Amino acid sequence: EKTGLEDRGQYTLSYVLFRRFSPDFSQGCSVEDTQLHSLQLHPLFISEYNTHRQNDGSLEEPACVFCFFSLPNAGFLYSLKGGVELLSAYQYLEKVLEAVLTNHLLHVITKSAVQCFTAGCAAVAARIEDPYIDTTMKV
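Per UniProt numbering, the sequence shown starts with residue 1, numbered consecutively.
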């Protein structure tokens, strides 16, 4: 079966994050509570015209890449640029049906509600581009 990755000279593989979830049976958790519900890699580009191509036609590097994954009752947002950093942990009021990360918000759909959480991806990427963006100290 072809995977489209036959020319391995163009691709590199890096393990950036490993996390294992063990249920705490003494707290009434079950194995289902630790099953991965969703996974999203979210690149964030900072460019003047929202294009991801540079003047020479090559693709622009993302300012930051985020990894969001969700369990049925909790979600975790990591920044992957310049090392792995846990940015936020989210607790849902009930089991999630769908979770979607955007630049500013995490949208969580449950059986009876839509929940929105601030994600801050754009703010993190802006700080990577300009570490002094939210201070009065400018270089």
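All C-beta atoms in this analysis are idealised placements derived from N, C-alpha and C, irrespective of residue type, glycine included. Given the structure is predicted, the values throughout are model-derived calculations rather than measurements.
By the C-beta density criterion, Gly120 is buried, having at least 16 other C-beta atoms within 10 angstroms.
Checking the DSSP bridge columns, you'll see Ala89 partnered with Phe76. Counting along the chain, no beta strand (DSSP E) covers Ala113, and no H or E run does either. Taking C-beta separations shorter than 8 Å and ignoring five residues to either side along the sequence, the partners of Leu97 in its chain run Ile109, Thr110, Lys111, following chain order. In terms of CA proximity to Gln40, Ser70 leads the group Glu61, Cys116, Ser70. Annotation for Gln115: Val108 place their beta carbon closer than 6 Å to its own, counting only its chain and skipping 5 residues before and after.
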